[in-house]
Amino acid sequence: MAGRRLQAPRGTFDVLGEDGRRRRALTGQAAEALGRAGYQYVETPIFEDTEVFARGVGETTDVVQKEMFTFEDAGGRSVTLRPEGTASVCRAYVEHGLHKAPQPVKVWYAGPFFRYEAPQAGRFRQFAQIGAEALGSDDPSLDAESILLLADILRPYEMPRLRLRISSLGTAGARRAYSEELRQHLRARVDELSDDVRARFEANPLRAFDSDHPGTRAVMAGAPKLLDRLAPEDAEHFAEVQGLLDDAGQPYEVDTTLVRGLDYYTRTVFEFTNEDLGGQSGVGGGGRYDGLVEQLGGPPTPGVGWAAGVERVLLAPDRPERDEAGEVLIRARVETPGHLDPPEPVFVAIEPGASRRTAFAIVRALRERWRRAEMEQAGRSLKGQLRHADRLGAEAVVTVGVESFRVRDMTTGEERSTATADEALGLLEPRP
Ligand code: HAM
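In terms of numbering that gives the first Met the number 0, the numbers along the sequence shown are unbroken and rise by one, the last being 431.
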């Protein structure tokens, strides 16, 4: 019986041919980069109790107010197709008592997400994300590491106009005080605002920075900036994140007007945009969410992470694998998720008073050499760090001292000292 012609639902698509290969290559390369940084692959359900997102993402966000695929199942429960992954990961962290595991807990995921948006180029109702989250530590090295991992994953794609913008939102308390100051600024010039902003700024004044409306933009240009209102410890945290990005040679712009569409962010926020994409230019973004686990019923637990939109990344062509000089540009071209189970790491421990930045640089250098490497990121004592290295099954431990470095082979117990980080790295080259 011939009926009407059947099609994929509006805002969805089939993956066929070359597209399938490129999607698997991107996921495989992300698996490799994240695995080397100690992130473990996880899966959470594609639908959740609606409250996970209502409480997690925030009642006043567009995502929760307008974009969720929410329905009642046959048992009368309200469930929602996941619009994002962070709330689900935090729900799982609480449910499985992962705060009792060694911190930070680093996980990554990939799969379909759902938002009821008006479909257009690069914007779908079912899209794929690759995401990474690190929970249980507020160490700024986790923020920087997270950002740099996303930069690494985007590198094999030709995006000459890729921009990274970063900012800090401070803590919830500082933001509340600032929001009130911003409300007063907006109330004083309410007649110049767009209808949309006027209707919503009392609930969420920060969102007004997002507006394209000329009158609103003029009002916002003269608005007080949150970055000028950060508490000293938050300003210091943000300065450290920037220092680590500088050390790594990662270009970025500090954008005081950067707002993200989800309510859970605290401190660092960031977004990579491909300016060649026009409207839907956000290829990936994220930030810190130090209150989210608690909001979902767990103990106070900091966290930081990001998600990248697979379709948006793949709108950019692949970069050539070699430049004119024959230099290899892309070193991971795996068709299937590769090192889901990466080998034993090199652990980088830090003596009291020694440079954390040097430790961070050593870890980055090791990962560039295809080694899995982790460093101390949870405030352990030196003894605790060595115990943690043991627990991770580390094959070697580099201890960054105040004036020298020690490299210990964990299988033979042999230990050698060096004066420079480069020499320490030299000792870690795989033996012939
Ligand atoms: P988000 O910015 O809402 O963040 O989404 C991340 C990425 O998903 C976007 O940059 C974009 O590339 C892609 N994306 C979002 N909506 C669509 C759509 N309708 N169609 C195609 N691509 C889309 C989050 O989801 C946070 N969970 C990120 C995060 C993780 N923050 C902390 N941890």
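Yeah, the Cβ is synthetic: ideal placement off N, Cα and C, and Gly gets one too.
For residue i, the first and last residue of its enclosing beta strand (DSSP E)
i	result
residue 111	104 to 113
residue 268	265 to 273
residue 77	77 to 80
residue 48	46 to 48
residue 404	404 to 408
residue 69	69 to 71
residue 283	281 to 287
residue 373	372 to 374
residue 85	From DSSP, residue 85 is part of no beta strand (DSSP E) but of the alpha helix (DSSP H) over 85 to 94.
residue 163	161 to 167
residue 128	125 to 134
residue 414	414 to 417
residue 41	It is not in any beta strand (DSSP E) - residue 41 carries neither H nor E in the DSSP assignment.
residue 348	345 to 349
Between the CA atoms of residue j and residue i - distance to the nearest angstrom
i	j	result
residue 432	residue 4	Residue 432 falls outside the range modelled here, since the chain spans only 0 to 431, and no answer is possible.
residue 73	residue 84	25 angstroms
residue 219	residue 234	22 angstroms
residue 24	residue 217	44 angstroms
residue 57	residue 78	16 angstroms
residue 452	residue 229	Here the chain has residues from 0 to 431 only, and residue 452 is not among them.
residue 2	residue 27	41 angstroms
residue 415	residue 429	16 angstroms
residue 151	residue 119	28 angstroms
residue 140	residue 32	17 angstroms
residue 135	residue 324	44 angstroms
residue 276	residue 250	20 angstroms
residue 192	residue 214	6 angstroms
residue 71	residue 181	39 angstroms
residue 123	residue 91	26 angstroms
residue 226	residue 256	9 angstroms
residue 387	residue 413	19 angstroms
residue 410	residue 395	8 angstroms
residue 281	residue 273	7 angstroms
residue 65	residue 385	49 angstroms
residue 108	residue 364	25 angstroms
residue 51	residue 67	12 angstroms
residue 29	residue 203	34 angstroms
Cβ-heavy atom distance, residue i to the ligand HAM, below 6 angstroms
i	result
residue 123	yes
residue 114	yes
residue 304	yes
residue 56	no
residue 267	no
residue 274	no
residue 16	no
residue 293	no
residue 384	no
residue 83	yes
residue 284	yes
residue 346	no
residue 128	yes
residue 297	no
residue 352	no
residue 281	yes
Residue j beta carbon less than 7 angstroms from that of residue i
i	j	result
residue 406	residue 399	no
residue 292	residue 133	no
residue 271	residue 165	no
residue 301	residue 142	no
residue 361	residue 315	no
residue 262	residue 60	yes
residue 127	residue 111	yes
residue 35	residue 356	no
residue 37	residue 373	yes
residue 76	residue 45	no
residue 265	residue 417	no
residue 306	residue 55	no
residue 196	residue 207	yes
residue 41	residue 106	yes
residue 393	residue 342	no
residue 147	residue 247	yes
residue 125	residue 11	yes
residue 283	residue 161	no
Range covered by the alpha helix (DSSP H) that runs through residue i
i	result
residue 219	213 to 220
residue 304	From DSSP, residue 304 is part of no alpha helix (DSSP H) but of the beta strand (DSSP E) over 302 to 308.
residue 25	17 to 35
residue 355	355 to 367
residue 237	231 to 246
residue 63	61 to 65
residue 196	194 to 199
residue 292	291 to 294
Residue i: CB within 6 angstroms of a non-hydrogen atom of the ligand GDP
i	result
residue 311	This structure lacks the ligand GDP; the ligands present are the ligand HAM.
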